[in-house]
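Working notes, beginning with the structure itself.
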């Protein structure tokens with residue numbers, strides 16, 4: 001399978017100012033994301049997750065190493081706009097991402113800037129709004145929307161650029177429970193129906209229990225990567241990295257500690273309830 | 282310190298065509314030393330509500346009483362209210378501004394006219410788990426997200442409030458950072474007998490810490506009851522875009538499957554113990 005994203009030996013430093021030492025944010029990081037995959041990136045605050053996101057979108061450029069999006073190097077200036085069209089970005093705060101005063105104009109902003117002909121614009125905007133389930137809101141003003149709705153409009157704005165990949169940096173951190181579910185369902189649907197590659201950066205482990213691959217960042221290094229079932233059962237390892245497995249995995253871990261033998265790689269409460277039933281028989 | 286609301290209402294842009302009823306006739310009583318959780322979807326009135334408790338907003342009708350005294354009454358100064366009710370807003374680290382941690386934490390306390398500022402700063406830092414000697418002269422901007430947030434909370438504690446209000450204190454923090462902040466808040470509440478009010482979108486976090494929960498919906502106080510009772514109203518919570526903690530969902534799933542579990546439980550530790558108990562018995 002072709003790589004959507006390829007990060008090769010990437011290091012990155014933040015300049016902190018005169019006379020102070022630069023902070024090494026990424027230290028020789030390499031990994032690939034295949035086309036159509038849904039991957040999660042987790043790690044403690046300051047571990048380098050958001051730096052990676054900004055490198056993928058050609059907002060930052062590696063100090064050494066290369067970042068390739070669909071084979072295009074972010075270092076080649078002529079690629080930048082193509083890369084930003086192929087790999088769209090969603091940030092934490094929906095209020096910082098609205099640029100227009102009407103929902104449909106906001107969604108049209110990206111494709112318009114890409115030079116999409118006017119005749120095609122209407123169709124693209126409508127399709128994008130339908131995809132996130134917000135078509136009926138096309139004439140609304142941003143302030144009339146909830147946080148989850150605004151975040152879905154931001155996603156529609158990216159979709160209207162017809163990207164192959166979406167990178168989301170903690171998109172649900174500021175949302176209420178309903179808003180979180182709305183946004184997550186939208187992302188999952190995009191991945192399944194349009195085969196859009198998804199990179200989801202998050203502190204909520206339950207959001208990535210069914211993703212294809214998880215990358216764990218620790219102090220600027222890629223510490224581990226693997227399938228959710230392999231990652232989350234390593235409870236003590238995760239805690240050392242300032243992470244916590246999902247609730248169901250924590251429960252099975254504690255049950256094992258109390259002398260009840262139960263599978264240690266359950267990820268959801270439904271799975272856990274099933275396993276507990278098996279014990280009884 | 283007790284906090285009471287009588288027929289509290291707030292209309293934004295009152296007497297204009299944009300008038301919007303953000304709070305509608307709210308009555309409540311929070312007892313001294315209680316730990317209260319506040320939940321509600323975006324736009325339900327939570328933020329408008331907490332801004333009334335330290336007089337950042339005044340009711341357009343009704344009253345807010347602190348230990349029986351109307352905080353909007355004649356002769357009550359804003360300063361008196363701010364001294365008693367400390368609010369830690371969302372992402373408080375964006376409000377750090379001094380060049381050292383010491384100065385940042387001392388700022389509010391100085392404005393309150395307190396003496397022995399150093400002693401106060403020291404105590405506030407201890408309460409949030411920051412080593413005084415190690416951190417006092419450092420710049421707040423080079424800290425991690427969790428540490429910055431602790432500095433911001435210490436700055437509020439240094440004003441020696443009797444009521445502490447926290448709006449999403451853990452959002453954006455890594456999982457262990459979340460736990461640490463909540464441990465700090467729990468300890469604070471116990472040590473200082475602070476009346477504590479926590480606003481959060483996380484039912485899991487709220488369930489592990491709150492004695493009682495206020496549920497806001499469309500500007501109304503939909504329910505105000507013990508945590509156990511609130512989480513037993515699954516249908517009502519679902520209707521207004523909220524949820525119950527995963528821990529309780531697990532117990533309900535097990536009950537459905539014929540296990541004799543106590544579905545009134547909701548704290549993570551209690552739920553784990555209950556599951557272990559039932560399995561060992563059977």
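Residue numbers (the numbering used here), protein chains in the order written: chain A, 1 to 281; chain B, 282 to 563. Backbone N, C-alpha and C define an ideal beta-carbon position, used for all residues, glycine too.
When you compare the stretch 477-485 of chain B with the stretch 447-458 of chain B, are there three or more beta-carbon pairs, one atom per stretch, that lie closer than 8 Å? With a cut-off of 8 Å, the stretch 447-458 of chain B and the stretch 477-485 of chain B count as touching, because enough Cβ pairs lie within range.
Could you pull the DSSP bridge partners for residue 169 of chain A from this structure? A/201.
Quick check on this structure: which residue in B/415, B/393 and B/386 has the alpha carbon closest to the alpha carbon of residue 402 of chain B? The shortest Cα separation from residue 402 of chain B among B/415, B/393 and B/386 belongs to B/386.
For residue 270 of chain A and residue 534 of chain B, believed in contact at Cβ under 8 Å, the rounded distance: The beta-carbon separation of residue 534 of chain B and residue 270 of chain A, rounded to 7 Å, stays under the 8 Å limit for a contact.
Where residue 8 of chain A falls: helix, strand or coil (DSSP): Residue 8 of chain A sits in a strand when the DSSP states are folded into three classes.
Please confirm if the stretch 300-307 of chain B is in contact with the stretch 149-162 of chain A, defined as three or more CB-CB distances below 8 Å between the two stretches. Taking 8 Å as the limit for Cβ pairs, the verdict is that the stretch 149-162 of chain A does not touch the stretch 300-307 of chain B.
Per-residue burial, residue 87 of chain A [other beta carbons within 10 Å of its own, 16 or more giving buried]: Result: buried.
With a Cβ-Cβ cutoff of 8 Å, do residue 129 of chain A and residue 107 of chain A count as a contact? Yes, the pair counts as a contact, with Cβ atoms nearer than the cut-off.
Would you kindly check if the distance between the Cβ of residue 355 of chain B and the Cβ of residue 344 of chain B is under 8 Å? No, Cβ-Cβ distance for residue 344 of chain B and residue 355 of chain B is not below 8 Å.
Reduced DSSP secondary structure (H/G/I, E/B, other) of residue 554 of chain B: Shown here, residue 554 of chain B sits in a helix according to DSSP, grouped into three states.
Residue 113 of chain A - containing alpha helix (DSSP H), residue span: Unbroken alpha helix (DSSP H) run through residue 113 of chain A: 103-113.
Return the first residue and the last residue of the beta strand (DSSP E) that residue 174 of chain A is part of. Unbroken run through residue 174 of chain A: none, as it is neither H nor E.
What would DSSP say about residue 215 of chain A, mapped onto helix, strand or coil? Three-state DSSP puts residue 215 of chain A in a strand.
Residue-chain proximity (residue 291 of chain B, chain A), Cβ-Cβ < 8 Å: Not an interface residue.
Residue 531 of chain B and residue 272 of chain A look like a contact to me (Cβ under 8 Å); what is the Cβ gap, rounded to whole Å? Their Cβ separation, rounded to whole angstroms, is 6 Å, which keeps residue 531 of chain B and residue 272 of chain A in contact under 8 Å.
Step through the CB atoms of chain B and report whether any lies within less than 8 Å of the CB of residue 260 of chain A. For residue 260 of chain A, the answer is yes, since a Cβ of chain B falls inside 8 Å of its Cβ.
Using a C-beta cutoff of 8 Å, does residue 555 of chain B count as contacting chain A? It does not: the Cβ of residue 555 of chain B has no partner Cβ on chain A nearer than 8 Å.
What residues in the stretch 449-467 of chain B have a beta carbon less than 7 Å from any beta carbon of chain A? Against chain A - using a Cβ distance shorter than 7 Å - the residues of the stretch 449-467 of chain B are 452, 453, 454, 455, 456, 457 and 458.
Quick one: grab the DSSP three-state call for residue 189 of chain A. Note: residue 189 of chain A maps to helix in three-state DSSP.
Coarse secondary structure for residue 148 of chain A, derived from DSSP in three states: DSSP places residue 148 of chain A in helix when its eight states are reduced to three.
For a test of the three-state rule: what should DSSP assign to residue 426 of chain B, helix, strand or coil? Helix.
Residues of the stretch 498-524 of chain B whose Cβ lies closer than 7 Å to any Cβ of chain A, in chain order: Of all residues in the stretch 498-524 of chain B, 522, 523 and 524 have a Cβ within less than 7 Å of some Cβ in chain A.
Considering residue 465 of chain B, what are the terminal residues of the alpha helix (DSSP H) in which it resides? Residues 456-473.
Going along chain B in order, which residues have a C-beta closer than 7 Å to the C-beta of residue 173 of chain A? The contacting residues are 452 and 453.
Of all the alpha helix (DSSP H) runs that stay within the bounds of the stretch 43-112 of chain A, which reach a length of 4 or more residues? Counting only runs of 4 or more residues that sit fully inside the stretch 43-112 of chain A, the alpha helix (DSSP H) segments are 49-56 and 80-86, in chain order.
Is residue 519 of chain B helix, strand or coil by DSSP? Here residue 519 of chain B sits in helix by DSSP.
Just to check, is the beta-carbon of residue 43 of chain A closer than 7 Å to a non-hydrogen atom of the ligand SAH? This structure simply doesn't include the ligand SAH, nor any ligand for that matter.
DSSP beta-bridge partners for residue 291 of chain B? BP columns for residue 291 of chain B point to B/304.
Proximity of residue 171 of chain A and residue 90 of chain A at Cβ, strictly below 8 Å: A contact, by the Cβ cut-off of 8 Å.
Write down the C-beta distance between residue 418 of chain B and residue 372 of chain B rounded to the nearest angstrom, noting that I regard them as a contact closer than 8 Å. Contact doesn't hold; Cβ gap of about 25 Å is too wide.
Taking a contact to mean a Cβ-Cβ separation below 8 Å, would you say residue 251 of chain A touches residue 41 of chain A in this structure? No, these two residues do not count as a Cβ contact at 8 Å.
Report yes or no: is there a C-beta of chain B within less than 8 Å of the C-beta of residue 209 of chain A? By this cut-off, residue 209 of chain A is not an interface position.
Got a sec: which bits of the stretch 225-251 of chain A sit with their beta carbon under 8 Å from any beta carbon on chain B, in order along the chain? Under the 8 Å Cβ criterion, the stretch 225-251 of chain A contributes 239, 242, 243, 244, 247, 248, 250 and 251.
If the cut is a Cβ gap below 7 Å, which residues of chain B does residue 178 of chain A touch? Simply 322 and 522.
Would you tell me roughly how many angstroms separate the C-alpha atoms of residue 238 of chain A and residue 415 of chain B, rounded to the nearest one? Taking the straight line from one Cα to the other gives about 28 Å.
Note down the Cα distance separating residue 431 of chain B from residue 76 of chain A, rounded to an integer number of angstroms. Whole-angstrom Cα-Cα distance: 42 Å.
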